[in-house]
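In my numbering, the protein residues as written are 317 to 455.
In structure tokens form, the structure reads like this:
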């Protein structure tokens, strides 16, 4: 059985995948935030049952992940500084525009006016940023 969601272009195959330890295989890079949140909620709301051999941990995945010491496991999480986390959040685009909408429109107008192309790599993006910054400061 193949499930396909047109707006996300993701397929879920409910059949064995060669060289795969699991039964489910997800393909596609177009997950929306709502879909990812739904997967997280579904995963964290289920409960892993204990085995009769009692050699594996059981319980809610989020608790098992957050508190490994409850299951006599070693905490292998690498904690990062709050400043790094805040910086990552500030540097991640939150919407359609990478900056203020007015600044974005002004930059598009300046690029068209001066015949500058969209950057194709990070170095070209840095060069374009410097050109746009200097042009905006002159006006």
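The C-beta atom is built at its ideal place from N, Cα and C for all residues, glycine as well.
Same chain, Cβ closer than 7 Å to residue i, neighbours up to 5 away in sequence not counted
i	result
residue 444	432 and 435
residue 426	448 and 451
residue 387	373 and 380
residue 454	none
Burial state of residue i (16 or more Cβ within 10 Å)
i	result
residue 423	buried
Element boundaries [alpha helix (DSSP H), containing residue i]
i	result
residue 390	Element bounds for residue 390: n/a, residue is neither H nor E.
residue 434	Careful: residue 434 lies outside any alpha helix (DSSP H) and carries neither H nor E.
residue 420	417–430
residue 379	377–382
Interface flag, residue i vs chain B, CB-CB below 9 Å
i	result
residue 382	The displayed structure is made up of one protein chain only, and chain B is not part of it.
Collapsed DSSP secondary structure at residue i in the structure displayed
i	result
residue 452	helix
residue 446	helix
Sequence-distant residues of its chain with Cβ nearer than 6 Å to residue i (five each side left out)
i	result
residue 366	374
residue 362	none
Candidates the options, of which the one nearest residue i by Cα
i	options	result
residue 393	384, 399 and 401	384
Same chain, Cβ closer than 8 Å to residue i, five either side skipped, listed in chain order
i	result
residue 360	376, 377 and 378
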